[in-house]
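Position 65 of the sequence shown, counted from 1, bears residue number 65 in UniProt numbering, the numbering being contiguous throughout. As structure tokens, the structure follows; a few thoughts come after it.
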Amino acid sequence: KVVFLYFEKITKLHGFVFYFLRYQRLLLKAKSKHFKKTFSYYDQNIYSLYNKLIFYRRNYYHFLCCFSPSPSLTYFKLDYCASLKNLETISNKQNYKFIQGDICNSHFVKLLFETEKIDIVLHFAAQTHVDLSFVRAFEFTYVNVYGTHVLVSAAHEAGVEKFIYVSTDEVYGGSLDKEFDESSPKQPTNPYASSKAAAECFVQSYWERYKFPAVITRSSNVYGPHQYPEKVIPKFISLLQHNRKCCIHGSGLQTRNFLYATDVVEAFLTVLKKGKPGEIYNIGTNFEMSVLQLAKELIQLIKETSSESEMENWVDYVNDRPTNDMRYPMKSEKIHGLGWRPKVPWKEGIKKTIDWYRENFHNWKNAEKALEPFPIQPPFVQ
């Protein structure tokens, strides 16, 4: 049985998604024929399984739900960025069950591990919107750090076979030239990144003390269909499709590395199959562009203009974040050694993403609110 945990961000309450996929133990035994056969089938069919649950975590859940022969359980706390439309393609499956709950409820989480007999945990649970973290720093700390501590403690007590904690490249802080590898020090510069770094420490401490079989991943920015439009790519796409300007923090010269959702799904599968307990794996790409360049490229694709003056008419420069790292250059040779590399070209991925939002923007009842410029306040204000 595999459990996936994913948090649907917050407005006033702490919300999380747990996905329990009942996987036979044999599936994770390297010498098992069922293991080799099943994952070989996954690898051959990954792209046909996209667009199914909630963004790239959704892809992973649906990916395994479709092919696991055993029952599945999803545990959600529905919040402002959640949409049940993203679950429609698996909601009728006999191996799927929907539940609402909260990861910060330690008694419930402990009971869940006792009753569900979980073997593997993939922990996606986190509040992730950096802008929001500046005005809700304490809540980010509570959910991301305390929630992880609750989960790790329960998973350790239950004796799980593997625990994968999904972190972020932002724990490294920014760098203009030096590339980060997995041994680079953590130097987070915003409340979100700080909470993820602190949660990593809890996970690592259980490995050091108990040899708790934990693996940590740190990924670059992920994009694709089904992502709530508060994130930069779906936000710019949706603004332009509604004839509104792209709101750019500061100069827009900050660069980011973008990974398509299905590539990250494959990375998680790789870590699930081959990742070693106690290790950290960067999940990155060499594809990098500035936020301003991103806006202009989307303007060209959506507004069909290459005129610099016309493109400037679709850009609105707003106040920058209190802190905004310029780059997150990251080495990914370690996971390359496990056999993973990104496959989806930018032009292909962004076209699929644009097309999806053109038809599905209203999957969320409150999607229009995500398009407003976020209030900028001093860091760590609560």
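Idealized CB from N, CA, C, for every residue including glycine. Note that this is a predicted model, so its numbers are computed, not measured.
Discussion item. Closer than 8 angstroms is the cut-off here; do at least three beta carbon pairs connect the segment 239-251 with the segment 325-333?
Written reply: By the Cβ test, the segment 239-251 is not in contact with the segment 325-333, since fewer than three Cβ pairs between them sit closer than 8 angstroms.
Practice prompt. Go through its chain and collect everything with a Cβ distance to Leu-176's Cβ below 7 angstroms, but skip five positions before and after it.
Written response: Only Met-326, Arg-327 meet the Cβ criterion.
Worksheet item: Helix, strand or coil: how does DSSP classify Cys-201 here?
Response: In the structure shown, Cys-201 adopts helical secondary structure according to DSSP, grouped into three states.
Discussion item. According to DSSP, is Gln-24 part of a helix, a strand, or is it coil?
Written reply: Only weak support exists for where Gln-24 lies, its pLDDT of 30 falling under 50; the value from the coordinates is given anyway. In the structure shown, Gln-24 sits in coil (DSSP, three-state: anything other than H, G, I, E or B).
Fill in: Alpha carbon of Leu-21 to alpha carbon of Ser-306, nearest angstrom
Per-residue confidence for Leu-21 stands at a pLDDT of 34, beneath the threshold of 50, marking its modelled position as unreliable; the derived number appears in the next sentence. Near 47 angstroms, if we compare the C-alpha coordinates of Ser-306 and Leu-21.
Worksheet item: By how many angstroms is the C-alpha of Pro-225 removed from the C-alpha of Asn-360?
Response: So the alpha carbons of these two residues sit roughly 9 angstroms apart.
Worksheet item: Quick one: what does DSSP say Ala-125 is sitting in, helix, strand or coil?
Response: Coil, per DSSP.
Worksheet item: Does the beta carbon of Lys-93 come closer than 9 angstroms to any beta carbon on chain D?
Response: The structure shown has no chain D; it contains just one protein chain.
Worksheet item: If you draw a straight line from the alpha carbon of Pro-229 to that of Ile-216, how long is it in whole angstroms?
Response: Going by the C-alpha atoms only, they are around 27 angstroms apart.
Fill in: Alpha-carbon spacing of Ile-118 relative to Leu-151, whole angstroms
So the two alpha carbons sit approximately 12 angstroms from each other.
Practice prompt. Can you tell me the Cβ-Cβ gap for Tyr-223 and Gly-349, rounded? I've got them flagged as a contact below 8 angstroms.
Written response: A Cβ-Cβ separation of about 7 angstroms places Tyr-223 in contact with Gly-349 under the 8 angstroms criterion.
Item to complete: With a threshold of 16 other CB atoms inside 10 Å of the CB of Val-318, please say whether the residue is buried or exposed.
Response: Under this definition Val-318 is an exposed residue.
Worksheet item: Does the Cβ-Cβ distance between Gly-278 and Lys-211 come in under 9 angstroms?
Response: In terms of Cβ geometry, Gly-278 and Lys-211 form a close pair [threshold 9 angstroms].
Worksheet item: Whose C-alpha, out of Ala-197, Ser-91, Gln-187, is nearest the C-alpha of Ala-126?
Response: Of the listed residues, the one whose Cα sits closest to Ala-126 is Ala-197.
Worksheet item: Per DSSP, what kind of secondary structure is Gln-327 in: helix, strand or coil?
Response: Gln is not the amino acid found at residue 327; the sequence shown has Arg there. It is coil, neither helix nor strand.
Fill in: Nearest residue (CA-CA) to Phe-134, options Leu-371, Arg-341, Asp-263, Pro-322
Residue nearest to Phe-134 within the set Leu-371, Arg-341, Asp-263, Pro-322 is Pro-322 (criterion: CA-CA distance).
Discussion item. Per DSSP, what are the beta-bridge partners of Val-166 in this structure?
Written reply: Paired residues: Thr-217.
Item to complete: Give the DSSP-derived three-state secondary structure of Arg-136 in the structure shown.
Response: Here Arg-136 sits in coil by DSSP.
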